[in-house]
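Residue numbers (the working numbering), protein chains in the order written: chain A, 2 to 126; chain B, 44 to 557.
Okay, so here's the structure we're looking at.
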């Protein structure tokens, strides 16, 4: 998942569909994000490459919609409803996730274990 | 170096050039020059000045081991000191002062003589002195006054030290001034007195030019004597040979003897007083080392050649054996020092308590209370004598433990106590001079030994300091070893920072819950 400027990032992703939970006026998804191109990437505990400025899931609340949908802590979010999340600021990411008129967010997330699983399955054949 | 000056100054070598006005007067001037040169010679030649050096009294005192009375080292010092004081070793100093005063008078009266002599000798033929000429009189008067004040400020100060050899720059300057004034006299004598010049204004201008030039020579004197050595150039490391106390001083370009004087002046205030009682411990340890081994010659006496070889091998064997032997003296030293430290601290605590208690017995009386005096009113000296006995024992014991009992007499302690009481000092301030060893100046005059210093140097003492110069300053039982190092040449580079270039970014890692 290392970022080489000018080259497309290619990785194995998983589709996750989260249904937002309406709690009165608040709409919550049940997780927290960290990272962004305006943040300090060296403080990110989940990234392998400490220059990685992507959006990472830092916390998943127990029993929330995100956990139910299969989101895990440490996932990197690559797309939200078709919007790119690899080159966004922290605030832009938050806005894309919390649009008021959307009830479902479809995320493309990636994690290290996905790639290992794919490689393992490829080796078996 | 004054020795190098000799060939130039030797009177016999001056050749008299044939003058157009050869006459009796010319010859007289020549002999006067010779006499004055002789005087300068007498003053500058080192051989003669050495006979008046400070220590000649010691060589005439015969103290042999066979004398009936046994004298301690301090008695010998006292005897030689008394002799020095009584004989006027100030002979050299007085001669110097006398010569300088004579030179000063000659120099000061010369312009006045230049102005007065035409009036005395051929007043009728002189042109009248107009306004310009009289204006010049005022200028001569004021310049002479300034010169007088400047010379008094620079030269007529009490001397601070007696140096072994002459002060080269002063001798050079005196010679220069003498040469200068004599050449002016020569010119005056030949061109004005002989020909009886009538233009008085020219004569006055000649006198003014003399005074101007004397002021410039005085400027030269200031630069050579005072200003040149102010810029630090050498760093001198001074170590005392007995206990290793070290200090560093930065000095300018001085001759070795002048640097020695500066170092000694600083020695009296920077170095802790020399205490021979503190050195006995290391000496006894060294003696124990040597006494431990005996070497026996097993092979019997050999020939002459063999004897030297045997002696050498013996000493080497001793050193090797001493190195290998399981010496426990380091252990002894460690425990002895720890024990001594503990003892000193205990005595010190007792002393501090005793003094604090003693100080509570007296109280300073205010003005109003003094008027209605009840009981015993004492002045500081009596108050000191009253409270001294209560702390005397603790003080004595402390001095004995720290081995400084010979540095303080009862009289000096009581005087110090009276001083502290007068100035409202606390017991801690009173004790400060006894708990720490202070500089030599703090103790009585008999500890100073200011007249007992000898400068030992391989280079000539009037030569300038150079990098690596080493010289010794020997007092009676210790030595100050001085080494010189040149202060490094510092090359400074510059880096410019634009004040607008100080910019910072915030490095965050925020977490938002969605």
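Where a beta carbon is used, it is the ideal one built from N, C-alpha and C, also for glycine.
Query	Result
Euclidean distance between Cα positions of residue 56 of chain B and residue 220 of chain B	Annotation note: pLDDT 40 at residue 56 of chain B (below 50); position unreliable, coordinate value reported separately. Residue 56 of chain B and residue 220 of chain B: Cα-Cα distance of roughly 21 Å.
Backbone CA spacing between residue 107 of chain B and residue 520 of chain B [nearest angstrom]	In this prediction, residue 107 of chain B has a pLDDT of 48, which is less than 50 and means its spatial position is unreliable; nothing more can be read from the coordinates.
Chain-ordered neighbours of residue 554 of chain B on chain A, where CB pairs are closer than 8 Å	33, 34, 35, 59 and 60
Residue 273 of chain B, enclosing alpha helix (DSSP H) - first and last residue	Unbroken run through residue 273 of chain B: none, as it is neither H nor E.
Where residue 159 of chain B falls: helix, strand or coil (DSSP)	helix
Three-state secondary structure assigned by DSSP to residue 277 of chain B	strand
For residue 546 of chain B and residue 73 of chain A, the rounded distance between their alpha carbons	39 Å
Integer-rounded CB distance, given that residue 161 of chain B should sit under 8 Å from residue 250 of chain B	Their Cβ separation, rounded to whole angstroms, is 10 Å, which puts residue 250 of chain B and residue 161 of chain B out of contact at 8 Å.
Beta-carbon spacing of residue 126 of chain A, residue 66 of chain A below 7 Å	no
Delimiting residues of the beta strand (DSSP E) encompassing residue 555 of chain B	554-556
Residue 558 of chain B vs residue 281 of chain B beta-carbon contact at 7 Å	In this structure chain B extends from 44 to 557, so residue 558 of chain B is not present and cannot be described.
Endpoints, the beta strand (DSSP E) within which residue 500 of chain B is located	497-500
3-residue-minimum beta strand (DSSP E) runs that sit fully inside the region 510-556 of chain B, ordered along the chain	513-517, 522-529 and 554-556
Residues that residue 80 of chain A contacts on chain B, provided the C-beta gap is smaller than 7 Å	Per Cβ cutoff of 7 Å: no residues; residue 80 of chain A is ~15 Å from chain B at best.
Straight-line Cα distance separating residue 137 of chain B from residue 270 of chain B	27 Å
Extent of the continuous alpha helix (DSSP H) run through residue 32 of chain A	Run containing residue 32 of chain A: none in the alpha helix (DSSP H); it sits in the beta strand (DSSP E), 32-35.
Alpha helix (DSSP H) runs wholly inside the region 361-411 of chain B, at least 4 long, in chain order	372-402
Residue 315 of chain B to residue 478 of chain B span [Cα, whole Å]	12 Å
Span separating the alpha-carbon of residue 8 of chain A from that of residue 534 of chain B	51 Å
Own chain residues within Cβ distance below 7 Å of residue 149 of chain B, not counting five before or after	224
Status (buried if at least 16 other CB within 10 Å, exposed otherwise) for residue 78 of chain A	buried
Nearest-angstrom beta carbon gap, residue 88 of chain A and residue 38 of chain A [assumed within contact, 8 Å]	6 Å
Short Cβ contact (7 Å threshold) for residue 427 of chain B with residue 461 of chain B	yes
Buried or exposed by the 16-neighbour rule on C-beta atoms within 10 Å, applied to residue 44 of chain A	exposed
Given residue 515 of chain B as reference, the closest of B:499, B:506, B:504 and B:503 once Cα atoms are compared	B:499
Residue environment, residue 102 of chain B, which counts as buried when at least 16 other CB atoms sit within 10 Å	Bear in mind that the predicted position of residue 102 of chain B carries a pLDDT of just 49, short of 50, making it unreliable; the figure below should be weighed with that in mind. The residue is exposed, with fewer than 16 neighbouring Cβ atoms inside 10 Å.
Interface flag, residue 85 of chain A vs chain B, CB-CB below 7 Å	no
Residue 291 of chain B, enclosing alpha helix (DSSP H) - first and last residue	Per DSSP, residue 291 of chain B belongs to no alpha helix (DSSP H); it is in the beta strand (DSSP E), 289-294.
Any 3 or more C-beta pairs closer than 8 Å across the region 378-392 of chain B and the region 462-469 of chain B	no
DSSP state of residue 57 of chain A mapped onto helix, strand, coil	strand
With 16 other Cβ atoms within 10 Å as the buried cut-off, status of residue 409 of chain B	exposed
Cβ pair residue 437 of chain B, residue 393 of chain B closer than 7 Å	yes
Where residue 277 of chain B falls, given that 16 or more other Cβ within 10 Å makes a residue buried	buried
Under 7 Å from the C-beta of residue 551 of chain B: neighbouring residues of chain A	40 and 41
Chain B within 7 Å of residue 16 of chain A, Cβ atoms only	no
Three-way DSSP call (helix, strand, coil) for residue 15 of chain A in this model	strand
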